[in-house]
Amino acid sequence: MHAQIVLFDGFDPLDVVAPYEVLYAGGTASDGAVSVELVSAEGAREVVSGTGGLALRATGALDPGRAGLILVPGASGRVGEPGEVPDQDAGAGEWRQDEFIPVLLGRTLATELPTLLKEAMGNPEVTTAAVCGGSLVLAMAGLLEDRHATTHHLGLDMLDATGVHVVRARVVDDGDLVTGAGVTSGLDLALYLLEREVGPRIAHAVEELFAHERRGTVWRHQGPVPVGL
């Protein structure tokens, strides 16, 4: 399995680094069955995160035709006070530090990323994953309508407004779409993908290495519907 982790201006570093390390370790433990790289819609470049100007380098362009996994992170920025909204022109111009997270996520719509993600999600050989606000990137691009997904608890209402079947779970498996909730769920999502795609022995070995046990039950659209709860 080859994994492409997408970088965009203002991304959340933990959404990227946690899955990257898990998948990289999975590749080592599986003798190369998993490979992982950082990409962007624009190609190889330095991409500045929303956390203190920390930058990571995308080594290539996102390739929606390549079989494997594509993972979209969320953004790091201002959450704001209840009821606080950005200025009307906050989404205009170039990216700035300390912007509202919805604005940072919305900026991706003005790039080639939505087109590339749409192509990827139409490829039966690609599994698309998202951590935290990455689900909102996909949803705002109109790619998650009638799908089951989750995101950070502060973004669940926004996700619901886009026509997504919102699930309050740490990891949601909707077939070729797997999403994680808050930022640290990137660890759990990547470990689950290792288990699903490579095997539980590899996932368990990486869990032991990182001294981290996955939390919660992975939600899947299977089995009887709960009643009386």
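Residues in the sequence shown are numbered from 0 upward in steps of one, following numbering that gives the first Met the number 0.
Backbone N, C-alpha and C define an ideal beta-carbon position, used for all residues, glycine too.
Look at residue i and residue j and say whether their C-beta atoms are less than 8 Å apart.
i	j	result
Asp14	Gly49	no
Ile69	Thr127	yes
Ala54	Leu37	no
Gly67	Val125	yes
Gly26	Val33	yes
Leu61	Leu103	no
Arg241	Arg214	For the chain, the structure presents residues 0 to 228; residue 241 sits outside this window and is missing.
What is the C-beta distance between residue i and residue j, in whole angstroms, given that I count them as a contact (C-beta under 8 Å)?
i	j	result
Arg77	Glu98	6 Å
Ala140	Pro113	4 Å
Val205	Ala28	6 Å
Gly132	Ile100	6 Å
Over the uninterrupted beta strand (DSSP E) stretch that includes residue i, give me the two end residues.
i	result
Asp172	Val170 to Asp172
Val38	Ser34 to Ser39
Gly179	Leu176 to Gly179
Thr289	The question about residue 289 has no answer, for the chain in this structure spans 0 to 228.
Compare the Cα-Cα distances from residue i to each of the options and report the closest residue.
i	options	result
Ala109	Asp8, Glu45 and His203	Asp8
Asp30	Ala129, Val197, Gly227 and Val166	Val197
Val47	Leu188, Ser134, Leu6 and Tyr23	Leu6
Gly59	Val71, Glu118 and Ser39	Ser39
Pro63	Asn122, Val21, Thr107 and Val130	Asn122
In terms of residue numbering, what span does the alpha helix (DSSP H) encompassing residue i cover?
i	result
Gly133	Gly133 to Met139
Leu192	Ser184 to Glu196
Leu115	Leu112 to Met120
Comparing the C-beta of residue i with each C-beta of chain B, is any distance below 8 Å?
i	result
Arg106	Looking at the structure shown, chain B is missing, and only one protein chain is on hand.
The stretch 173-180 in contact with the stretch 145-154 per 3-pair CB rule at 8 Å: Contact between the stretch 173-180 and the stretch 145-154 is present, because at least three Cβ pairs lie under 8 Å.
Any contact between the stretch 203-217 and the stretch 182-195? By contact I mean 3 or more CB pairs, one from each, below 8 Å. Yes: at least three Cβ pairs fall under 8 Å.
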